[in-house]
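No gaps in the numbering here: position 95 of the sequence shown is 1424 in the numbering used here, and each next residue is one more.
The C-beta atom is built at its ideal place from N, Cα and C for all residues, glycine as well.
Treat the numbers as computed from the prediction; the structure is a model and nothing was measured.
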Amino acid sequence: MNLDSKIYVAGHRGLVGSALVRRLQAAGYNNLVLRTHAELELRDQSAVQAFFAREKPEYTILAAAKVGGIHANNTYPAEFIEDNLLIQNNVIHNAWKNNVKRLLFLGSSCIYPKNAPQPMSEECLMTGPLEPTNRPYALAKIAGIEMCHAYNRQYGTRYLAAMPTNLYGPNDNYDLNNSHVLPALMRKVHEAKQRGDNNVVVWGTGTPKREFLYSEDMADACIFLLEQMDDKLTSLFRDDSPPLINIGSGEDLTIRELAELVADVVGFTGGLSFDTSKPDGAMRKALDVSRINALGWKRTMPLKEGIALSYQDMLKKIELQS
1330 MNLDSKIYVA GHRGLVGSAL VRRLQAAGYN NLVLRTHAEL ELRDQSAVQA FFAREKPEYT
1390 ILAAAKVGGI HANNTYPAEF IEDNLLIQNN VIHNAWKNNV KRLLFLGSSC IYPKNAPQPM
1450 SEECLMTGPL EPTNRPYALA KIAGIEMCHA YNRQYGTRYL AAMPTNLYGP NDNYDLNNSH
1510 VLPALMRKVH EAKQRGDNNV VVWGTGTPKR EFLYSEDMAD ACIFLLEQMD DKLTSLFRDD
1570 SPPLINIGSG EDLTIRELAE LVADVVGFTG GLSFDTSKPD GAMRKALDVS RINALGWKRT
1630 MPLKEGIALS YQDMLKKIEL QS
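Shown next as structure tokens:
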């Protein structure tokens, strides 16, 4: 990419999208195309078609999606599959129709089988049953990966599918019911501290292990991939395998350890207990990040420092809402 390349960031107000905009602007990219949900409904085929025909972006990062944790996925499975299929079908197809040079489709580690070998490599895709709690979302993302692969094979495009681990950071969703585990824990522990509670109840047994990546690191990885020349990414553009690459920290910890870390950052001195009647989800979801590490990228933000920065962001959001 050149600094004046026209880059469309779909979902620029979200956790990853906002980090991408900050990182792109900091790097000197000056021709970003951004649209709010009110300005462009990505589920609307005709609206997306008109947008691409008019704007003709050279690069597209598809960070827009309907996302959420276990509770949200269990409560709204129909929306999770329908909305995501509509968004990615419209964006990927119209990117091809309008000669986008490279598209980066962002997925999720939940695309991999529930019992995949750990850490999960890109070769694990579609080798076993998915985790039931988020299967509709995972199937939509798998369809997006296959769509990128199909367009590369048939039309010679150079579309990539990046699968991040659990993300957190500035501009996260801290809602107790519809957010992911780390921001939900942060909000729960913070409110317990404010009330002076002696204990915080955490969903599940606390034994599942999860990996986390700071959103700014994820943005750096995306830009890194877009800036690579095609010859450096030859291994990703093959007819016999999807253009899939994992993005993660390469480290994981138990939910209990995560809760203890959050409590330490927040300054909560009470105890932690675990509601074993609530679902755990997959017991481990670590990504094999050797493929992107071999290309020359590694994460930089330590988890505790990242949580502390996220906590400050959450406090600002709470203050604005009050």
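Cβ atoms of residue 1601 and residue 1541 stay farther apart than 8 Å, at about 18 Å.
In the structure shown, the three-state DSSP call for residue 1419 is helix.
DSSP places residue 1380 in the helix class (H, G or I) of the three-state scheme. Segment contact: the stretch 1608-1618 against the stretch 1446-1455, three or more CB-CB distances shorter than 8 Å; contact assigned. Annotation: the continuous beta strand (DSSP E) that includes residue 1493 extends over 1489-1493.
For residue 1438 and residue 1453, the gap between their C-alpha atoms comes out near 11 Å. Using a Cβ-Cβ distance cut-off of 8 Å, the stretch 1516-1536 and the stretch 1389-1396 are not in contact, since fewer than three pairs of beta carbons, one from each stretch, lie closer than that value. The continuous stretches of beta strand (DSSP E) do not include residue 1526, and DSSP gives it neither H nor E. At least 9 Å separates the beta-carbon of residue 1386 from that of residue 1477. Residue environment: residue 1530 is assigned as exposed (fewer than 16 neighbouring CB atoms within 10 Å of its CB, all protein chains considered). Here residue 1341 has 1350 and 1363 as same chain residues with Cβ atoms under 6 Å from its own Cβ, once five neighbours each way along the sequence are excluded. Around residue 1613, the same chain offers 1447 and 1538 as residues with beta carbons nearer than 6 Å, after the five sequence neighbours per side are excluded.
Membership of residue 1589 in the alpha helix (DSSP H) is indicated by the continuous run 1584-1595.
Counting C-beta pairs closer than 8 Å gives three or more between the stretch 1376-1390 and the stretch 1424-1433, which meets the contact rule. C-alpha of residue 1425 to C-alpha of residue 1475: approximately 15 Å in a straight line.
Residue burial annotation: residue 1368 is exposed, with fewer than 16 other C-beta atoms found within 10 angstroms of its C-beta. The straight-line gap separating the alpha-carbon atoms of residue 1456 and residue 1650 is approximately 45 Å. One Cα belongs to residue 1552, the other to residue 1353, and the distance between them is close to 8 Å.
Under the three-state reduction of DSSP, residue 1473 is assigned to helix.
Separation of the CB atoms of residue 1610 and residue 1460 is rounded to 6 Å, and the pair is thereby assigned contact status at 8 Å.
Judged by their CB atoms, residue 1463 and residue 1344 are not nearer to each other than the 9 Å cut-off.
For residue 1575, the enclosing beta strand (DSSP E) stretches over residues 1573-1576.
Residue 1389 has 1337 and 1432 as its beta-bridge partners, per DSSP. By the Cβ-count criterion, residue 1481 is buried, with 16 or more other Cβ atoms from all chains shown falling within 10 Å of its own Cβ. Residue 1539: member of the beta strand (DSSP E) spanning 1538-1543, first to last residue.
Annotated as distal: residue 1440 and residue 1550, with beta-carbon spacing of 9 Å or more. The Cβ atoms of residue 1643 and residue 1503 sit closer than 9 Å to each other. Counting along the chain, the unbroken beta strand (DSSP E) around residue 1601 starts and ends at 1600-1604. In this structure, DSSP gives residue 1618 a state outside helix and strand, which the three-state scheme calls coil.
Annotated as proximal: residue 1423 and residue 1382, with beta-carbon spacing under 9 Å. With respect to the 9 Å criterion, residue 1574 and residue 1492 are classified as neighbours on the basis of their beta carbons.
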